[in-house]
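Please read the structure below before turning to the comments.
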Amino acid sequence: MEETSTQSFEAWNMWAQYIAYGLAGLSVLILLGHILKLGATSDSKTKYDYINRAEINILMTCSVLLIVGGGFYANSYIAELSILWLFVRLFVTVSMGLIIGVIVQNLLKFYYPFYIEKRLKKLRYKPRISPKTGKAMKLLSEEEEDVYLDEGMQAEEDIFSIDYDVWVDEETGYTKIEKYSGHLHALQCPECNYQTFRVTKEEIMKSPSHTEEGELLKHFECGYCGHKSKKNFKIAMLRDAAAEEGATA
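Using our numbering, count along the sequence shown one by one with no gaps and you end on 258.
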């Protein structure tokens with residue numbers, strides 16, 4: 010019986026390591042695929058939507074695969090073990106996996122969005138390049154953009170369910186309208202500390218130029234305690250893509 014038990018554990022140890030390596034490899038492949046897709050996406054709006062929609066889910070999937078794989082690997086060196094200690098080891102492994110999983114989930118749900126927020130802001134306000142002239146386009150203010158939005162679009166903005174950014178090539182009149190679902194992510198309220206602090210209004214106080222940065226004023230309000238605040242943000246200077254290409258050529 011002892012010999013059979015040992016042989017059984019040897020088979021289990023081998024397959025447990027194979028499964029662990031397979032899950033870890035799959036996790037790495039998924040993460041590499043995500044990174045490659047980001048690198049291959051040149052359009053800022055497309056990249057914004059992809060990060061906003063998929064990145065946290067992808068990282069959570071990779072984490073779960075690594076945690077499960079780690080559980081198999083931690084139990085791949087069993088020599089002899091009684092039935093009682095086998096159940097104890099299984100219980101400890103599952104418990105540790107759940108604890109680590111909850112920690113990772115909380116990090117991705119409550120803290121990682123702050124990092125994503127910074128990246129999304131850069132992508133959203135990065136100057137768009139006109140396909141007509143190759144020059145940077147102008148981001149219109151809330152008042153200026155209404156001319157380019159129909160009544161339905163304006164109504165969506167009025168209730169803050171949808172937000173539109175309008176970029177215009179001032180030389181040719183070429184216009185690009187980008188649609189965003191709400192005003193980015195909710196932040197942590199400095200008053201009540203809940204993740205319910207959202208942008209309710211944006212005003213471009215100063216439009217960017219080729220020599221100076223622009224200035225954007227955001228109005229925040231907490232959906233839980235009603236705390237309100239304002240904050241200024243810089244808008245990157247306009248860049249002449251054609252001139253940059255000529256300088257690097």
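Backbone N, C-alpha and C define an ideal beta-carbon position, used for all residues, glycine too.
Of the residues assessed, ASP52 falls on the exposed side of the cut-off, its CB having fewer than 16 other CB atoms within 10 angstroms.
Under the DSSP assignment, TYR120 falls outside any beta strand (DSSP E); it carries neither an H nor an E label. With a threshold of 16 other beta carbon atoms within 10 Å, ILE92 falls short and is exposed. In this structure, ASN66 is the residue among GLY143, ASN66, SER150 with its C-alpha nearest to the C-alpha of PRO122. Within the segment 140 to 195, the complete beta strand (DSSP E) segments at least 3 residues long are 172 to 177, 184 to 189, listed from N- to C-terminus. Contact between the segment 24 to 37 and the segment 94 to 103 is absent: fewer than three C-beta pairs spanning the two stretches fall below 8 Å. Per DSSP, the beta-bridge partners of ASN241 are LEU226. Scanning GLY143, VAL156, ASN115 for the CA closest to the CA of SER72 turns up ASN115. Judged by pairs of C-beta atoms under 8 Å, the segment 235 to 246 does not touch the segment 172 to 191, as fewer than three such pairs exist.
DSSP, reduced to helix, strand and coil, places ILE87 outside both helices and strands of the structure shown, so it counts as coil.
Distance from the Cα of MET146 is smallest, within the candidate group HIS219, ASN202, GLU152, THR102, for HIS219.
Within the DSSP secondary-structure output, VAL208 pairs in a beta bridge with PHE229. Taking the Cα of GLU221 as reference, the smallest distance to any Cα among LYS210, PRO136, MET246, HIS236 is reached at MET246. Beta-carbon to beta-carbon, LYS188 and ILE171 are separated by about 6 Å, close enough to satisfy the 8 Å threshold. With fewer than 16 neighbouring CB atoms inside 10 Å of its own CB, ALA88 falls in the exposed class.
Close CB contacts of GLY78 within its chain, under the 8 Å cut and outside five residues either way in sequence, are with ILE28, ALA29, TYR30, GLY31, LEU32, ALA33, SER36 (chain order).
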